[in-house]
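Asker: Below is one structure. I have some questions about it.
Numbering (our numbering), first residue to last: 343 to 712.
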């Protein structure tokens with residue numbers, strides 16, 4: 343197993359490099375960029391994708407007020423909204439953001455910094471990227487852990503029960519619930535929960551926004567826990583309701599596939615009870631495919647799955663940070679978070695493979711070619 347882990351760790355380097363290279367090329371050919379964003383802000387044409395009360399207005403942008411110039415220049419023609427601006431001002435912006443270098447040189451310099459986990463600063467908030475990500479991390483980790491926990495606690499027992507009672511009335515009625523959960527996205531459930539339980543139309547039982555109350559710091563530790571759970575109830579409920587359906591069907595189909603195999607028939611013929619056959623033999627084999635999807639599911643919830651939920655409930659987490667970085671062309675945050683979460687996702691995939699051997703020791707990765 344050790345040799346397999348070492349091979350996988352060596353493969354992380356080219357895989358991560360390829361992910362970053364592809365995304366870097368896509369971003370380069372996409373219209374717009376940080377310089378265009380600044381120019382549109384200076385001209386008053388920029389519209390924020392998400393509004394923030396009391397947020398910064400672009401760090402040093404207030405200091406960048408160029409003198410108008412009627413002289414034409416090639417550098418001004420490269421950017422939309424640069425017509426009539428001083429070419430020296432445009433060149434200064436290029437130098438500030440590193441666009442005075444060729445694209446391949448910028449990429450290599452960026453990857454050289456990222457190897458040492460030097461992620462630089464945000465283009466527009468003028469904050470260290472690591473500090474910015476860490477400030478958003480608690481919200482997303484809370485959402486990711488609770489959503490994953492409740493999704494698996496609900497989906498796996500329900501999937502097993504549906505597999506054991508395949509074709510029964512229980513299976514049919516629960517399938518209807520699964521279809522509804524699969525058909526309606528999480529953000530629509532979030533809106534429905536707000537309308538019903540957060541003062542929208544019917545009840546005012548839960549808060550509408552934030553992860554804690556304004557007086558959270560003044561509460562004792564018991565009240566702090568209760569306040570946190572009170573705020574997190576609706577966002578987690580929306581994500582769980584909108585995301586458990588696929589895992590239920592995956593668990594059911596995996597168990598049905600194992601139940602139909604010859605070793606189950608043999609075990610029953612030996613007189614083993616249904617419970618012993620199900621949990622002593624079928625469970626660990628059927629759970630392999632469920633475990634395989636855990637890393638991707640957790641990363642999806644942590645970084646992107648809760649984006650709209652964060653917007654709806656005003657939860658300032660990593661999903662919202664990545665969305666704003668993409669919209670505002672904040673390449674410092676965009677590529678740093680991409681690098682970090684790609685690396686984290688690859689490591690979690692490796693952890694998933696290691697978990698395979700813990701669930702079923704018969705699996706031997708040493709004999710496989712990676």
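C-beta: ideal position from N, C-alpha, C; glycine also.
Would you identify the three-state DSSP class for residue 508, choosing helix, strand or coil?
Answerer: Coil at residue 508, not helix or strand.
Asker: Quick one: Cα of residue 521 to Cα of residue 533, how far?
Answerer: Taking the straight line joining both Cα atoms gives about 19 Å.
Asker: What are the complete alpha helix (DSSP H) segments, minimum 4 residues, inside the segment 464 to 506?
Answerer: Those alpha helix (DSSP H) runs which fall completely within the segment 464 to 506 and span 4+ residues are 471 to 506.
Asker: Looking at the secondary structure, which residues open and close the alpha helix (DSSP H) in which residue 570 lies?
Answerer: Residues 563 to 601.
Asker: Looking at the structure shown, is residue 672 part of a helix, part of a strand, or coil, going by DSSP?
Answerer: The answer is coil: DSSP assigns residue 672 none of H, G, I, E or B.
Asker: Looking only at its chain, what residues have a beta carbon closer than 6 Å to the beta carbon of residue 498, apart from the 5 residues adjacent to it on each side?
Answerer: Correct list, in chain order: 593.
Asker: Quick check: what's the CA-CA separation for residue 530 versus residue 652?
Answerer: If I take the Cα positions, the gap works out to 13 Å.
Asker: Does DSSP put residue 695 in a helix, in a strand, or in coil?
Answerer: Here residue 695 sits in helix by DSSP.
Asker: What residue from 681, 514, 661 and 689 has the CA that sits closest to residue 479's CA?
Answerer: When each option's Cα is compared against that of residue 479, the closest is 661.
Asker: With DSSP collapsed to three states, give me the class of residue 560.
Answerer: Residue state, collapsed to three classes: helix.
Asker: DSSP state of residue 611, grouped into three classes?
Answerer: Note: residue 611 maps to helix in three-state DSSP.
Asker: Would you identify the three-state DSSP class for residue 284, choosing helix, strand or coil?
Answerer: As displayed, the chain neither begins before 343 nor continues past 712, which places residue 284 out of reach and without an answer.
Asker: If you follow the alpha helix (DSSP H) that residue 538 is part of, which residue opens it and which one closes it?
Answerer: Segment 528 to 539, the alpha helix (DSSP H) holding residue 538.
Asker: Quick one: residues in its chain with C-beta nearer than 6 Å to the C-beta of residue 456, no 5 flanking neighbours on either side, listed in chain order?
Answerer: Cβ neighbours of residue 456 beyond the five flanking positions: 681.
Asker: Can you tell which of 657, 670 and 596 has the C-alpha that lies nearest to the C-alpha of residue 483?
Answerer: When only C-alpha atoms are compared, the closest one is 657.
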